[in-house]
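Going by the working numbering, 139 is the number at position 148 of the sequence shown; the sequence numbering is gapless. In this text, a Cβ means the ideal position worked out from N, Cα and C, and glycines have one as well. Just so you know, these numbers come straight off a predicted model, no measurement behind them. A short write-up of the structure that comes next.
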Amino acid sequence: MESRTFPGYEDYYIEQFDNTSRWFYSLYPAWGDAEDYLNPGAEFEGTRLLIIDGDGRFFEPLSKKKNVFIDKPVYSALSGTIGLLSFDYGRGLIEMYEYKPGEKEAVILTSLPLEKGGDLINLRIEKEPFTLAKTEIHACLVRFIYPFEKTFELEKNETLFCLDGGRFITSKWIEDPVYREEIITRDLSDGKIISRERGHITEMPDGTVWKTVR
């Protein structure tokens, strides 16, 4: 077995993106979520993000900064780029970036007040294209924040899965008492249901979405 050693990265656990075998990433610290550091006056060393290719090259598209948390990156098989989301608690900003693998730096897409994200729970980058959205599970809402602003009501236990042109697809779980899941497709203009199917939805390595239905 061939073995390669990369000194200086003993704290970094390398993870593969969901839909590419070419690119990998590592975050340090690797624990916690954006909402965990929202306490006023709290000090945070900052997250360091590394993007790694299959040849063992390491890239750092965002510089590590004090009190800045970087969320798990998202790879788009459609564009071949990576979506990045950072939370700057010192400046009170949410910043969203797009990174072309192999480049020196990421390109900023938007900078928003931290308050736009509310409690920051379930605030993340969705696809396609890269879209900042938040599922309010207890309120049964989905909020699209960037590049457009819209809010729609959802059903209980329904969460956003992906965007699909002028539609968005959600997944809903039901237990009454037998557990099952539904795939719901909604119109992005008004949130109305277009279709409902019993089954499961999965994003495949090439970026296509597979639905296993009855």
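When secondary structure is reduced to three states using DSSP, residue 24 falls in the coil class, being assigned neither helix nor strand. Exposed is the label assigned to residue 139, since fewer than 16 other Cβ atoms lie within 10 Å of its Cβ.
In the displayed model, residue 91 falls within coil according to three-state DSSP, outside both helix and strand. Look at residue 32 here: in three-state DSSP terms it is coil, with no helix or strand label. For residue 19, the uninterrupted beta strand (DSSP E) run begins and ends at 14 to 19, by DSSP. For residue 107, the secondary structure class from DSSP, reduced to helix, strand or coil, is helix. For residue 204, the beta-bridge partners assigned by DSSP are 190.
Here residue 68 is near residue 10, since their CB atoms are less than 8 Å apart. Each of 137, 179, 190, 62 was checked against the Cα of residue 163, and the nearest Cα belongs to 190. Bounds of any beta strand (DSSP E) do not take in residue 81, whose DSSP letter is neither H nor E.
Annotation: residue 62 to residue 137 spans about 16 Å, alpha carbon to alpha carbon. In the DSSP assignment, residue -5 falls outside any beta strand (DSSP E), carrying neither H nor E. Our two residues, residue 1 and residue 48, have alpha carbons roughly 16 Å apart in a direct line. Residue 98 is bridged by DSSP to 89. For the pair of segments examined, the stretch 146 to 157 was found to touch the stretch 114 to 132: the number of CB pairs separated by less than 8 Å reaches three. Counting along the chain, the unbroken beta strand (DSSP E) around residue 153 starts and ends at 149 to 155.
Per DSSP, the continuous beta strand (DSSP E) segment holding residue 173 begins and ends at 170 to 178. DSSP places residue 121 outside any beta strand (DSSP E), giving it a letter other than H or E. Short of 7 Å from the beta carbon of residue 4, and not among the five residues preceding or following it, lie these beta carbons of its own chain, in chain order: 17, 21. For residue 43, the CB contacts under 8 Å within the same chain, skipping 5 residues up- and downstream, are 5, 14, 15, 16, 17, 49, 50 in chain order. The straight-line gap separating the alpha-carbon atoms of residue 99 and residue 90 is approximately 9 Å.
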